[in-house]
Every structure is written in C-alpha cells, then in structure tokens.
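Notes for the one structure printed next.
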Amino acid sequence: MLQARTRTVYKQVRRQLLWEVCAFSVILIFYYDAFDGARKPVYANIVLVAAILAVLTHSLLGYRRVQPVGETGHLRGALEKQLKRLRVYAIYSVLSRGAWTIALAVFFSATITVHGWVFAAAAGAILTVQVFWLSRIWGARIRVLRDAVKQVSA
Amino acid sequence: MDETTFLRLIEDHQDILYKICRVYRSAPEDRKDLFQEIVYQLWKSVPGFRGQSAFSTWMYRVALTTAIADFRKPRPPLRYVEQLPDRPGEPGNPEEARERLFRAIGALAPAEKALITLYLEDLSYREIAAITGLSENNVGVKLNRIRHKIEQLLKSHP
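From first to last, the protein sequence lines stand for chains A and B. When you line the first sequence up against the numbering used here, it's residues 1 to 154, in that order. When you line the second sequence up against the numbering used here, it's residues 1001 to 1158, in that order.
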C-alpha cells in the first residue's frame, strides 16, 4: 500500500500515460512516411513534433500531479496549494491540446494551396469545440476546489 | 519515522480514515481507492511531520486534503444485498439513523464535510481551528450553520 505502483490512481494514470506514449510514438515514427513528411515544409514537421512533445509532457505532468499533497500547515493552506497546481495544469492541458489541433492543421494544410481556407475553417471549428469542452471540464474541477478553499477561509 | 512505526500508527488511527472515506465517497470501491490514496499520501508526507502536533491532527490534515482535492468522478453508489428484506427498516434502528446521518453529511459541500467530521470526532473548536486554518469563532459559526443544514436535510428526507 505504501508503494506508488500499487495505487489504483497511479495504475490508471500510468495506463493512460502508456497508451498516449505508445500512440504518439507510433505517430512520430510513421508520420514522415505515412503522411509524406518529406514533402511538407520543415516548419510543418517541427510544429507537429513540438505539439506531440507538448501532449506527452502534459501526460507526464498529469502523472506528477497525483504525487503527494505534502504537509502545508493546515487544510486551507494545503487546498490553496492544490488549487494553484490545478490551475496551472488546467491551463497547460488546454494549451497542449489546442496546440496539437493547430499542429495537425498546419501540417496537413502546408502544401495545399487550393481551398486551404477549408482546412483552416475545419481546424478552427475543432479547436473551438475542443478548447470549450476542456475549459468546461477543468472549470468545473477548479470550481469545486475553489469553493472548498472559500469555505475554509474566514 | 520507519515503515513499521508508521503502519502501527495507521492501524491505531484507521477508524479516522474509514470515517473520512465513508463521508467523502458513497461507493465501496471509491472508499477503498480513497483509503489507499490517503495512506500513500500520508506515507509520502511523513518527512514533513515534525511532531509539533499530535499524529492524529496531522493525519486529519493530510487525509482531508487528499479527499477534497481528488477530482476523479465518483462511481454511482450501488449496494448489493443477499436477500431483499421482508419489512422496511425500523425507524428507531440506530444503524438506520447512522446511515441517514451519513447520507445527510454526504450531501454537504466538501469543506463542510471536513468540519462536521472533525466535530463528530469530538475534537474541540481549538483543535478544529488548528487543522483547518479557521479561527475558533469561525469554526463555531460554521458548525452552527452546518448543524442547521443537516437538520433540514434530515427533515426533508425522513
């Protein structure tokens, strides 16, 4: 019970992390051949790889987030610390997922000259929905913790 | 603190952890997960325990922070019974009353649950204030409101 690897939360996060690392590694290895990376401009390749790394970093930070809450004097202080960490993580979560969508759009529309605006419009719509959806999820989680902090404040 | 001492202390105070898990999680599986998570967080936080307060006081802080800060979606509470009862539960049954009280506490906000749990553990206002970071006066005011809220909840769900 005192080992991190035996925790249910840890197992769930580790499983998700493993899946994401595998999936994005496969994309990284095969995208160049499968999606004609050689024919795309260098900047499009760099943007895509950077976005994949951002998403993977997000997952790793997510794993770190389930690490010890630690001792911070009293409940209010500990919750405030958790709230701060959660806010930062939420921002990174939304940004990394948004960057992934933008990178995909940049990569696939890089060599398209005709109807490039269709890609831009589609990517914009997907980005809006994604950011809206993620913001709502994180907003609800932050609200619960923020309310708890308020309730233990004078 | 070595592992053996820590586990002995956890064993001595496990009732506290069970109560916190009972208050913050409805489904038995979620309670087990939370219990496991709290013990892990306590173990990892042990270096921060300087013995300035009682072990139980420190334990409440870490356990309540873990319970409140965990945002994972809880499972729906499902209860399986071997046999359906022939008669409805007796209204005066202490077990039934206890269950009703836990249900009412379960409907409170996370921080309110923390305060009432500490209160039901017979902790003084001073001790509750030390754990939560509130002033003693504030603890009293908030507990009065919570008690009133619980009364209302018990009346509306007899």
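We treat Cβ as the ideally placed atom computed from N, Cα and C, and that holds for glycine. All values reported here derive from a predicted model rather than from experimental measurement.
Backbone CA spacing between glutamine 1041 of chain B and lysine 40 of chain A [nearest angstrom]: Approximately 48 Å between the Cα atoms of the pair.
Quick one: is leucine 1134 of chain B buried, meaning 16 or more other Cβ sit within 10 Å of its Cβ, or exposed? It is buried - the Cβ of leucine 1134 of chain B has at least 16 other Cβ atoms within 10 Å.
Using a Cβ-Cβ cutoff of less than 6 Å, which residues in the same chain neighbour isoleucine 1068 of chain B once the five nearest sequence positions on both sides are dropped? The residues are Pro1110.
Report the rounded CA-to-CA distance for asparagine 1029 of chain B versus phenylalanine 1035 of chain B, giving the unit in angstroms. As written in the sequence, residue 1029 of chain B is glutamate, which differs from the asparagine given in the question. Distance between the alpha carbons of glutamate 1029 of chain B and phenylalanine 1035 of chain B: 10 Å.
Give me the residue from B:Ile1116, B:Tyr1024, B:Met1001 with the minimum Cα distance to glycine 1106 of chain B. Selected option, being the one with the closest Cα: B:Tyr1024.
If you measure from the beta carbon of glycine 1133 of chain B to each beta carbon in chain A, is any gap under 9 Å? At a cut-off of 9 Å, the C-beta of glycine 1133 of chain B has a neighbouring C-beta in chain A.
Please state whether the Cβ-Cβ distance between isoleucine 142 of chain A and leucine 53 of chain A is less than 9 Å. Not in contact: isoleucine 142 of chain A and leucine 53 of chain A (Cβ atoms no closer than 9 Å).
What in chain A is Cβ-close to leucine 1064 of chain B, meaning under 7 Å? Result: Leu75.
According to the Cβ coordinates, are tyrosine 89 of chain A and glycine 124 of chain A closer than 9 Å? Here tyrosine 89 of chain A is not near glycine 124 of chain A, since their CB atoms are 9 Å or more apart.
Is the stretch 131–149 of chain A touching the stretch 75–83 of chain A in the sense that three or more CB pairs, one from each, lie closer than 8 Å? Between the stretch 75–83 of chain A and the stretch 131–149 of chain A, the count of C-beta pairs closer than 8 Å reaches three or more; the two stretches touch.
Strictly under 9 Å for the Cβ-Cβ distance: is isoleucine 1150 of chain B near chain A by that measure? Output row for isoleucine 1150 of chain B: interface = no.
Per-residue contacts from proline 1110 of chain B into chain A (C-beta, under 8 Å): The contacting residues are Val144, Asp147, Ala148, Gln151.
Report the residue from B:Glu1003, B:Gly1048, B:Val1039 whose alpha carbon sits nearest the alpha carbon of leucine 1017 of chain B. Nearest C-alpha to leucine 1017 of chain B: B:Val1039.
Beta-carbon proximity of histidine 58 of chain A to tyrosine 31 of chain A, cut-off 9 Å: Taking 9 Å as the Cβ cut-off, histidine 58 of chain A and tyrosine 31 of chain A do not qualify as a contacting pair.
Give the DSSP-derived three-state secondary structure of proline 1028 of chain B in the structure shown. Helix at proline 1028 of chain B.
Hey, alanine 1114 of chain B and threonine 1132 of chain B: beta-carbon distance below 9 Å or not? Yes.
Using 9 Å as the threshold, is the C-beta distance between valine 47 of chain A and valine 118 of chain A below it? Their beta carbons are not under 9 Å apart, which means valine 47 of chain A does not touch valine 118 of chain A by this criterion.
I want to verify the contact list: residues of chain B whose CB lies under 7 Å from the CB of leucine 79 of chain A, in sequence order. Those are Thr1065, Ile1068, Ala1069, listed as they occur along chain B.
Do you know how far the Cα of leucine 75 of chain A is from the Cα of valine 152 of chain A? Distance between the alpha carbons of valine 152 of chain A and leucine 75 of chain A is about 8 Å.
Name, please, each residue of chain A whose Cβ falls closer than 8 Å to the Cβ of alanine 1130 of chain B. Annotation: Cβ neighbours of alanine 1130 of chain B in chain A (cutoff 8 Å, chain order): His74.
Secondary structure of glycine 124 of chain A, DSSP reduced to three states: Note: glycine 124 of chain A maps to helix in three-state DSSP.
Taking Cβ-Cβ distances below 7 Å as the criterion, which residues of the stretch 81–99 of chain A are in contact with chain B? So the close ones are Gln82.
Among the residues of its own chain, which have a CB less than 8 Å from the CB of alanine 38 of chain A, if the five just before and after it don't count? Excluding residues up to 5 positions away in sequence, Tyr32 lie with their Cβ nearer than 8 Å to the Cβ of alanine 38 of chain A in the same chain.
For a contact meaning CB atoms closer than 9 Å, what does alanine 948 of chain B contact in chain A? Outside the displayed range of chain B (1001 to 1158) lies residue 948 of chain B, so it cannot be described from this structure.
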